[in-house]
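Enquirer:
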Amino acid sequence: MSKQTMMKKREQEKRRKFGMLIDLDRCTGCGSCMVACMSENNIPFRKDETDKLTSINWIRVFKLSNHKPFPETEICFLPMPCMHCQGKETGHTPCVSVCPVTATDYDSSTGIVSQIYSRCFGCRYCMVACPYHSRSFNWSDAVWPEGMEKMLNPQVSPRMRGVVEKCSFCYHRYQEARDKAHFEGRRNIAEEAYQTACTESCPAGAITFGDLNNPGHRIHQMVQPDLENGGRPKQKNVFRLLERLGTNPAVYYSSTRTWVRNMGDNRLLQENRQHTAAGSNLQDRRA
Amino acid sequence: MKLNRRGFISLGLGATAGLTLSPLPYKLLDDISIWTQNWPWVPVPRDGQVSFVNSVCTLCPGGCPITVRKVDERVISVSNRKETIDSASGVCPLGLSGPQLLYTPTRVMSPMLRSVNGFQPISWEKAISILVSRLETLREGGKPDKLAALAGSNLGTGPALMNRFLGAFGSSGFFHMPSADDAWEAVTWKLTGRGFVPGYDLERATTVLSFGCAIVEGWGSPLRSMHARSLWKETGTTLVQVEPRLSNTAAAADRWIACNPGAEADLALGMCRVLLERYPVCRDRLGAAVTNPDEFSSHLYHHYSLEQVAAMTGLTGSMIESLAVDFAASKHPLAICGKDEGRSPIASREVFATLMLNILVGRINRPGGLYCIERKSDSRLSANFLHAPEKVFAAAAETSEPSIELLLVAGANPCYSQSNPRKTVEAIRKIPFVVSFASHWNETAMNSNLVLPVHSHLEGTTDFPVYSGLKQPKLGLSKPVSKRLFNSRYMGDVLIETASRLGDAMAPFFPWGSYETYLKQSLGDRWQELNEKTVVDLPQPKIRSIPMMNTSAFHSLPTRLTGSRQEYPLTLIAKVSMRLNNNADASSPFMMKTVEESVLRKNRGFVDINPDTADEQNLSEADSVMLETPHGQATVSVHLDAGTAPGLLVMARGLGHGADDEYSGGKGTNVNELLGEMTDPLTGYNIAWGARAVLKKV
Amino acid sequence: MDRNFSPPGKHRIKNHYVSPFLAFLTGFSLLFLFGWIGFPELLYEKQPQPIAFNHKLHTKLADRGCESCHAFRSDGSFTGVPGIENCAPCHSTVENGRSDEVRLIQDFIEKREDIPWLVYARQPDSVFFSHAAHVKSGDLVCETCHGNIGESTTPLIYEKNILTGYSRQIWGQNMVLAAGTSFFAEVRSISAREMKMDDCVDCHETHELSGGSVQTNKQGCFICHK
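Residue numbers (the working numbering), protein chains in the order written: chain A, 9 to 295; chain B, 876 to 1573; chain C, 2 to 227.
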């Protein structure tokens, strides 16, 4: 194929920005997304996984509470994968900015922050930089009980000790979808052809994954990201975590509950009071 | 020629220059860095041909259709079969753990015989010979009735074959772990003369009043329930959750009614009274359904006034009233019951009260309501309550005249899931010979004499009828997704072979060459369709109209919890979670990884406690205490949770498994040990929903 | 008189020590030659393929060229080196009785075991290579990267790097080097033998397949890594 044809073909491919929308009103805290991710990505497991600081989880389900006493207590579950931050002006993803060896990189043609284990030497600077604590470190080699190494997914490379790992938006599935597309002589990938493991496994249908730049994808309509304004969501009730940090994450959340949306950002106590004075928490729930 | 210092240094310099200009240092560095990334203990999974195999997950009674991704012969992951479920997504954590459960080293790999040195592997030939000789001994001794068999359920060809085996042998000792559906059948049979199970039309209801059903935590058929709840978000259906604590379902509900534990039936009856007082149409419906309407109304009048119900439930009279009014005002109201996952037997009072509530709002066999479904099962209804496992094991433990000398167990793990597990273990150990058909080592297998490996859920074909509150029951067929890893067999094949070895008395009843032949025959003309689709609708005769009922048997008041309030001021209940396996076997390592730090830390289990109650007890977060109930005690840590009602203690189910598997064993406490036994006066099943408790300093 | 005394002038007593220059040259040439010739000898261990497979013979019989055995699956993935199922249909019985053929049938076909070929192009686990992208979209023919293996009558000997375990020859440009190839041609072709990441990147950059990565301006890392 000539260089010109190849370039033309590539120009025709619009820049994609894969992102996720998690509906916190639908999330039931079941943990399927965590298990699906573990199964898909060869995540190691230890005998004692109760120390959540060293437990490796690419997506973690947090439990939020409105901290009101019984019986006005309300809780909400929030699954948190890697945010795949784009950064203020593309390229200032916190973890990517600090990696000394380019083991992690932001790809503008897909919006995915990749982590290449063979390049990482385990300095953990990226873990310090990530404001969402999305990254996990392999403190020791994984031990696969006898026979269980058969269930390892060949599309994802198992890690050795001393490297950092994180949610990849299942980009091996993107590779798989591209493989098929190349074979069939097309460039575009259908929305259903590339879905992350967590999205597929959510029984409540709380997670939506797709190309934020593609008006035809559901997530674009549900989020309506404002590209002029750092990707802020224009759709009502949609928010991002730590929006004010300017990390421009690709993971959006939505909730009709004000107290949940308020938890999306860190605020001082006075700020919080002003923020919640506008609407009482209980009004959000149907009587 | 000698080398002086200058020469030596020059030699060195020359060597260095030569080396640097050769590829050696760069290649060596490069290769060493590659070598450091190639440790032999880091597995490199091999690539291969990707294929998808459809099947039905049989790890819980939900029977959800799944598709399994394989690479060459290896099973990699489990995902959802979009074309078979309405709102398309998901698999529960247990289903997703399928590959782990397939490949785990805790599988029973060959027939194992208990000896003084622990379990020894033996051949199938020897195992069946042992079984046959034991059976022959029983028969020759004129004691065929001393054979008993415990199955996980009474549905499907597996239990049917077991029942047949016992019948042909001359024993009526087939019993199964009772389910919520069994309780429904017993209650409705008593009420109407026809036993049925509920088919809840969740998808079309407009208000769902749930009495403690853990809808998003595994109730009924887990995926279906979660899809329904997501659907409700779109259709605007109101979910009212009646539960003493803020469970995930209560948090997901539109309204949470913090009712006292164990008082759900009382609330329902209180609501019935409000409806009968206010709405003539409800009185009409009562008259049309019940032969003794005045007796029923009078019972409600005397015992279920708003004040009385308020006292029982801990709610206010006005809340109870508004609950009833809102419920009746809804277009398609539906009341559902079945605490937690709705699988273990429900108190007959609760079933009765829920049924009455649905009758009064006129939603029996109506869209969005409760459909009455007759199950096709093999056990005789009338004998059901004589075969409550508690009673069977108690009789087996009798020293004077033990009722069982040979017990077969398949698809059940009573040494864990029974109330009073310790007593059950003692009873099992007293039985002279116990044969356990198991794919994984569990507590019952550990206490058996002969353990026979059966295929795991991804290795064999078996039929799987699913009721679980579905409006349209299904019949699933699990497929062999993986080739058999170990020396396992179908339980059916073992029974067929044993029967043929027992000679003319048994063999004619087992004419099939193999279990798969029998299965194919039983499924008849549905085999083809099932083989292709793996799940089809089960044509069940729906009872169009329920015969008139006499309610007097149900006019009893609730049984009290044992123990005095002075000694045991608190109440312990259990909670379920999708993150722990509540189907009697241990959770997979993946699931154990999702268990929260507020539930388990290292090997210590937690109980939830209200912060004010903790204050009163002088306890702070993560303090260790001795939790004591009249039935047992355990050392636990406390977790302060504002969603837990004051005076209530909540412990997670699914922990406290045997310590053999370090990933899931020896962690936390088996809550069944603390809850004890509460026998339902009608069904005889254990309906223990809680226990009185006290916290003592360690 | 001091024998080592060197009076000024023409006469110099012969120095018995090696001249530094000579020492330098000696050291240089020794290590230089060791680095270029001795080291590769030590580093690589020659291993023969389990069966002496004759590609030329088989391509004559195959109808679709390379893709007869090295095929694409319907999902776009590549089968790579075929399994025993590929060989079994034709090699069910012994035809010519040669030792390799007997071994093939006895040790592999009858046991239905895959032949443990030593794959030259084997890449580390971290690499994701899409044959579909290169062959279908990139319009590359097999020979471009793998050389004329189809013409070879016997497999090239597998030289295993004892440190890394990978083949010395990753790409097959020189797969059909005959025994009598001149030494200089061998030396010149050394750089073409290994195919590390930068070699892939060179070709990508030539075809202007770059852009995406904010740090390197190459394509995103995960396009080729997993």
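For each residue, glycine too, the CB sits at the ideal point set by N, CA and C.
(1) Give, in chain order, every residue of the region 898 to 913 of chain B whose Cβ lies closer than 7 Å to some Cβ of chain C.
(2) Using the beta-carbon count (16 or more within 10 Å), is L1449 (chain B) buried or exposed?
(3) How is the beta strand (DSSP E) around P1340 (chain B) delimited, first residue to last?
(4) Find out if the Cβ-Cβ distance for the pair A1228 (chain B), A1143 (chain B) is shorter than 7 Å.
(5) Taking 7 Å as the CB-CB limit, is L61 (chain A) close to chain B?
(6) Looking only at its own chain, which residues have a Cβ that is under 8 Å from the Cβ of I106 (chain C), when we skip the five neighbours before and after it?
(7) Name the residue from A:E251, A:W267, A:T266 whose alpha carbon lies nearest to the alpha carbon of Y260 (chain A).
(8) Determine the direct distance from the alpha carbon of P900 (chain B) to that of L888 (chain B), and round the result to whole angstroms.
(9) So the candidates are B:V966, B:V1072, B:I951, B:V1083; which of them puts its Cα closest to the Cα of G1243 (chain B)?
(10) Do the CB positions of C210 (chain A) and C45 (chain A) come within less than 7 Å of each other?
(11) May I have a chain-ordered list of the alpha helix (DSSP H) segments no shorter than 4 residues that lie completely inside the region 1297 to 1385 of chain B?
(12) Shorter than 7 Å from the beta carbon of C1247 (chain B) to some beta carbon of chain A?
(13) How would you list, in chain order, the residues of chain B whose beta-carbon sits under 7 Å from the beta-carbon of W152 (chain A)?
(14) Are any of the Cβ atoms in chain C nearer than 7 Å to that of N929 (chain B)?
(15) Using a Cβ cut-off of 7 Å (strictly closer), state whether T110 (chain A) contacts chain C.
(16) Answer yes or no: does any C-beta atom of chain B fall closer than 7 Å to that of P162 (chain A)?
(17) Measuring CB to CB, does G923 (chain B) end up less than 7 Å from D947 (chain B)?
(18) So Y182 (chain A) is in the beta strand (DSSP E); what residue range does that whole segment cover?
(19) Going by C-alpha to C-alpha distance, which of B:P980, B:P1386, B:V950 sits closest to L971 (chain B)?
(20) Between the region 68 to 84 of chain C and chain B, which residues of the former have a C-beta closer than 8 Å to a C-beta of the latter?
(21) Bridge partners of Y1154 (chain B), per DSSP?
(22) Report the CB separation of G1531 (chain B) from G1137 (chain B) in whole angstroms; it is logged as a contact under 8 Å.
(23) Which residues in the same chain as H141 (chain A) place their Cβ atom closer than 8 Å to its Cβ, once the five residues preceding and following it in sequence are excluded?
(24) Ordered along the chain, which non-local residues of its own chain (more than five positions away) have a Cβ less than 8 Å from that of I1195 (chain B)?
(25) When the Cα atoms are used, what is the spatial distance from V128 (chain C) to K1206 (chain B)?
(26) Which chain A residues are close to C222 (chain C), counting only those with a beta carbon under 9 Å from its beta carbon?
(27) Around the Cβ of H180 (chain A), are there at least 16 other Cβ atoms within 10 angstroms (buried) or fewer (exposed)?
(28) State the beta-bridge partners of D1536 (chain B) as determined by DSSP.
(29) Looking at Q203 (chain A): is its Cβ nearer than 7 Å to the Cβ of F191 (chain A)?
(30) Determine, using beta carbons only, whether D906 (chain B) and T165 (chain C) come nearer to each other than 7 Å.
(31) Exposed or buried, which one is E42 (chain C) when buried takes at least 16 other CB atoms within 10 Å?
(32) Decide yes or no for the touch test of the region 27 to 34 of chain A against the region 254 to 270 of chain A: beta carbon pairs closer than 8 Å, at least 3 of them.
(33) Distance check for V1091 (chain B) and D1536 (chain B), CA to CA, integer angstroms please.
(34) Please list, in chain order, all residues of the same chain as L210 (chain C) whose beta carbon is under 8 Å from its beta carbon, the five residues on each side excluded.
(35) For the alpha helix (DSSP H) holding N87 (chain C), just list the boundary residues, first then last.
(36) Residues of chain A with CB closer than 8 Å to the CB of H1532 (chain B), please, in chain order.
Expert: According to the data block:
(1) For the region 898 to 913 of chain B, the beta-carbon criterion of a distance under 7 Å to any beta-carbon of chain C is satisfied by P898, L899, D906, I907, I909, W910, N913.
(2) Per the sequence shown, residue 1449 (chain B) should be read as Ala rather than Leu. Classification of A1449 (chain B): buried, given that the 10 Å Cβ count is 16 or more.
(3) Here the beta strand (DSSP E) through P1340 (chain B) covers 1337 to 1341.
(4) yes
(5) No, its Cβ sits nowhere closer than 7 Å to a Cβ of chain B.
(6) H92, S93, T94, V95
(7) A:E251
(8) 15 Å
(9) B:V1083
(10) Their beta carbons are not under 7 Å apart, which means C210 (chain A) does not touch C45 (chain A) by this criterion.
(11) Listed in chain order, the complete alpha helix (DSSP H) runs (minimum 4 residues) inside the region 1297 to 1385 of chain B are 1318 to 1321, 1366 to 1376.
(12) Closer than 7 Å: no.
(13) Going along chain B in sequence order, the residues near W152 (chain A) (Cβ under 7 Å) are P918.
(14) Not flagged as an interface residue toward chain C: N929 (chain B), since no C-beta distance is shorter than 7 Å.
(15) Cβ-Cβ to chain C under 7 Å: yes for T110 (chain A).
(16) Output row for P162 (chain A): interface = yes.
(17) yes
(18) Y182 (chain A) -> not in any beta strand (DSSP E); alpha helix (DSSP H) instead, spanning 179 to 191.
(19) B:V950
(20) R74, D76, S78, T80, G81
(21) Note: Y1154 (chain B) sits in no beta bridge, so no partner.
(22) With a Cβ gap of about 23 Å, G1531 (chain B) and G1137 (chain B) do not count as contacting.
(23) M135
(24) L1142, G1145, M1146, V1149, L1181, V1184, A1185, T1188
(25) 59 Å
(26) Residues of chain A passing the Cβ test: T110, A111, T112, D113, D115, S122, Q123, I124, R127.
(27) buried
(28) Bridge pairing for D1536 (chain B): absent [DSSP].
(29) no
(30) With contacts defined by Cβ atoms closer than 7 Å, D906 (chain B) and T165 (chain C) form a contacting pair.
(31) exposed
(32) yes
(33) 29 Å
(34) Q220
(35) 85 to 88
(36) Those within 8 Å of H1532 (chain B) in chain A number zero; the least Cβ separation is about 13 Å.
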